[in-house]
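Chains W and L, in that order, are what the protein sequence lines are.
For the first sequence, my numbering assigns the number 1 to the initial residue and increments by one for each residue that follows.
For the second sequence, my numbering assigns the number 1001 to the initial residue and increments by one for each residue that follows.
Okay, structure first, notes after.
Protein chains: 2
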Amino acid sequence: MPESIPILKNPHLDAMENDYLYHININVVNSRSATDIERRFGDVKFVCLGGTKNRMFALAKYLRHILQLDNGEELVDISESGNRYAVYKVGPVLCCSHGVGMSTMSVLLHELLKLVRYAKCQDPVFIRLGTSGGVGVTPGTVVISKDGYNGYLRNEHEVAILGKRVVRPANFDEKLANDLLRHAKSHCGYDVIMGNTMAAECFYEGQGRLDGASCDYSEADKMAFLQQLYEKGVRNIEMEATMFSSLTKHVGVRAADVCVTLLNRLHGDQVNLTKEQKEDFEQRPFSVVGEYIKSSLCGN
Amino acid sequence: MPESIPILKNPHLDAMENDYLYHININVVNSRSATDIERRFGDVKFVCLGGTKNRMFALAKYLRHILQLDNGEELVDISESGNRYAVYKVGPVLCCSHGVGMSTMSVLLHELLKLVRYAKCQDPVFIRLGTSGGVGVTPGTVVISKDGYNGYLRNEHEVAILGKRVVRPANFDEKLANDLLRHAKSHCGYDVIMGNTMAAECFYEGQGRLDGASCDYSEADKMAFLQQLYEKGVRNIEMEATMFSSLTKHVGVRAADVCVTLLNRLHGDQVNLTKEQKEDFEQRPFSVVGEYIKSSLCGN
């Protein structure tokens, strides 16, 4: 099925003999013929993304265990020499750290999308596993994102291209989100829901927090804003969903966003969890996504 | 001079008994009286920021050497347990990694601004030391930023606050930039210039590159855009300047941006440097800023 290989949306790529994926430090040579890149990454079916290197290392270890791929070897960070992002490969799954927010994630995403194109991966799926602030849900609830909302409460993503404002729709793949939810409901002992996700450019003022270095609004203003979000079906706030959904949709690659909520923003701004609670909560997206991947690879 | 302690722009901070700076994992208890935070950080005069942990570790080592503060002890990453940002303290200087782009840097910046406020630091100066793409300058040139330009070629920064577009001016401290330039000219054997800096939300489409996962413009369109930038006095492109200059200016803290250019975008999109060249270039902002700090601390 050659049509299931991502072709992306850039005709210039066909003309490039070499493409140095600078930030993940992977050099793609002679991308038009069978290459080393196909041999190294052609089997990739899932690209998992998360904020920190530590969490993606833990995810790689977890997936290696549940997919029974533990050969006893050390997990190697393929992109360590790039000094910015960590990339681990566990069989057909990549686990990649993207840092905090859209700008850092977009750099990685462009390069990983090119990687799966050059490697001729068959219908790869990109899934972000993150942490977030909940809106009207109990801390620990896992939210599978339906649509992304930007800071202006619009279901879209704005990006400045050559000085002009370009607006792209910010929707995740509906079938993938539903499949993830159905699997989760069958095996998870905690709340997993479908909801919209607001992506903010800023953790403090951008999310209506009262505890940033700058704030010129009141508690009442904040609560009115969070209420508006709730009415639009937003159940969590993080810093990536609109860029992630809009770029993957634009280039024709399926994607999902699965985030646990660390607090309920209707009750406060600060994260107050014990180390044990935080570890328990952070494990939840691993379990939701891990079981789905296991089931997909086994053809269930 | 109590007026030289940063007061920032958030009246809510006065009412907080505790403030947990979540992403750098520093807990500020009872921030209104003399505290542990003042004892630990009250001597800080300079907050240096850069993209990667490795680079900030190297900067901390370099500063420790030239400021003659090397006591033989290991450099400790104060925020290691936060898993996101690295923070090293070398006498009166903090060296902090912010990741790639405005969203990740803004999280750190809000928390560091609150830190210098709680610690009652006297007139602290924030300086970013980065890498960038040059516009019409020889690779290796160091650009000290005058004004920040956003992706719409405007000297401002947009941020969504409670659903509304808030626009703030994006200017760096003029005297600080001039002082840095004058010092650099007196001791650097390479080009150091003052110029405007464009900050993009995206490394690929946001900077007019032809080699992203998505691109629907031509080489001629790109060159016309870069020419427009050049005519506005923009000499380099990175991903932080507008957020950094606008937030620091807004809360009344002096800041500067000192970036080396790794390529000349008028000649191409990809970074093609040897490891040695890259190390040499990355050292240049260290030297420009390090000599300035040394001179400031010695009262020259």
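No residue lacks a Cβ here, since even glycine has one placed at the ideal position from N, Cα and C.
Check                                                                                                                                                : Outcome
Residues that residue 1238 (chain L) bridges to, as DSSP identifies them                                                                             : L:1199
Interface residues of chain L facing residue 225 (chain W) [CB-CB closer than 7 angstroms]                                                           : 1162, 1163
Within 8 angstroms of chain L by C-beta, residues of the segment 257 to 269 of chain W in sequence order                                             : none
Straight-line gap, residue 1293 (chain L) to residue 1175 (chain L) (C-alpha atoms, nearest Å)                                                       : 15 angstroms
Residues near residue 1206 (chain L) in its chain [Cβ-Cβ closer than 7 angstroms; skip 5 each side]                                                  : 1151, 1200
Inter-residue spacing [alpha-carbon to alpha-carbon] between residue 1246 (chain L) and residue 1181 (chain L)                                       : 21 angstroms
The beta strand (DSSP E) enclosing residue 1080 (chain L), as first and last residue numbers                                                         : Taken as a continuous stretch (DSSP letters only), residue 1080 (chain L) belongs to no beta strand (DSSP E), as it is neither H nor E.
Proximal residues to residue 1166 (chain L) (C-beta, below 8 angstroms), its chain only, five neighbours per side dropped                            : 1158, 1159, 1160
Rounded separation between residue 185 (chain W) and residue 144 (chain W) - CA only                                                                 : 12 angstroms
Contacting residues, own chain, Cβ-Cβ under 8 angstroms from residue 66 (chain W) (five flanking each side not counted)                              : 290, 291, 294
Residue 126 (chain W): CB within 7 angstroms of a non-hydrogen atom of the ligand ZN                                                                 : Questions concerning the ligand ZN fall outside what the structure shown contains, since it holds no ligand whatsoever.
Interface partners of residue 172 (chain W) on chain L, CB under 9 angstroms                                                                         : The premise fails here: residue 172 (chain W) is roughly 17 angstroms from chain L at the closest Cβ pair, so nothing lies under 9 angstroms.
C-beta atoms of residue 1125 (chain L) and residue 1234 (chain L) nearer than 8 angstroms                                                            : no
Neighbour-count burial assignment, residue 1069 (chain L), 16 or more Cβ in a 10 Å radius                                                            : exposed
Beta-bridge pairing of residue 168 (chain W) - partner residues as DSSP gives them                                                                   : W:157
Beta-carbon contacts of residue 1138 (chain L) that lie in its chain and below 7 angstroms, excluding the five residues immediately before and after : 1191, 1264
Residue 20 (chain W) - DSSP class collapsed to helix/strand/coil                                                                                     : strand
Any chain L beta carbon closer than 8 angstroms to residue 113 (chain W)                                                                             : yes
Helix, strand or coil at residue 1269 (chain L) according to DSSP, with G and I counted as helix                                                     : coil
Where residue 25 (chain W) sits in the DSSP three-state scheme                                                                                       : coil
Coarse secondary structure for residue 178 (chain W), derived from DSSP in three states                                                              : helix
Sequence-distant residues of the same chain with beta carbon closer than 7 angstroms to residue 2 (chain W), five excluded per side                  : The predicted position of residue 2 (chain W) is uncertain, since its pLDDT is 43 and thus under 50; no value can be drawn from it.
Residue burial classification, residue 1053 (chain L) (beta-carbon count within 10 angstroms, cutoff 16)                                             : buried
Proximal chain L residues relative to residue 84 (chain W), where beta-carbon distance stays under 9 angstroms                                       : 1051, 1052, 1099, 1100
CA-to-CA distance, residue 1132 (chain L) to residue 1082 (chain L), given in whole angstroms                                                        : 27 angstroms
Residue from L:1261, L:1282, L:1239 whose Cα sits closest to the Cα of residue 104 (chain W)                                                         : L:1239
Under 8 angstroms from the C-beta of residue 20 (chain W): neighbouring residues of chain L                                                          : 1270, 1271, 1272
Beta-carbon proximity check, residue 1110 (chain L) vs residue 203 (chain W), cutoff 8 angstroms                                                     : yes
Simplified DSSP state of residue 298 (chain W), which is helix, strand or coil                                                                       : coil
Buried versus exposed call for residue 1130 (chain L) [16 or more other C-beta atoms within 10 Å across all chains shown]                            : buried
Residue from L:1164, L:1061, L:1079, L:1019 whose Cα sits closest to the Cα of residue 271 (chain W)                                                 : L:1019
C-beta atoms of residue 1051 (chain L) and residue 1097 (chain L) nearer than 8 angstroms                                                            : yes
Test item: CB-CB of residue 1251 (chain L) and residue 1006 (chain L) under 8 angstroms                                                              : yes
Burial state of residue 261 (chain W) (16 or more Cβ within 10 Å)                                                                                    : buried
Closer than 9 angstroms at the beta carbon, the chain W residues around residue 1242 (chain L)                                                       : Ordered by position in chain W, no residue passes the 9 angstroms Cβ test against residue 1242 (chain L), which lies about 11 angstroms from the chain.
Inter-residue Cα distance where the pair is residue 345 (chain W) and residue 1117 (chain L)                                                         : This structure does not reach residue 345 (chain W), given that chain W is present from 1 up to 300, and the question cannot be answered.
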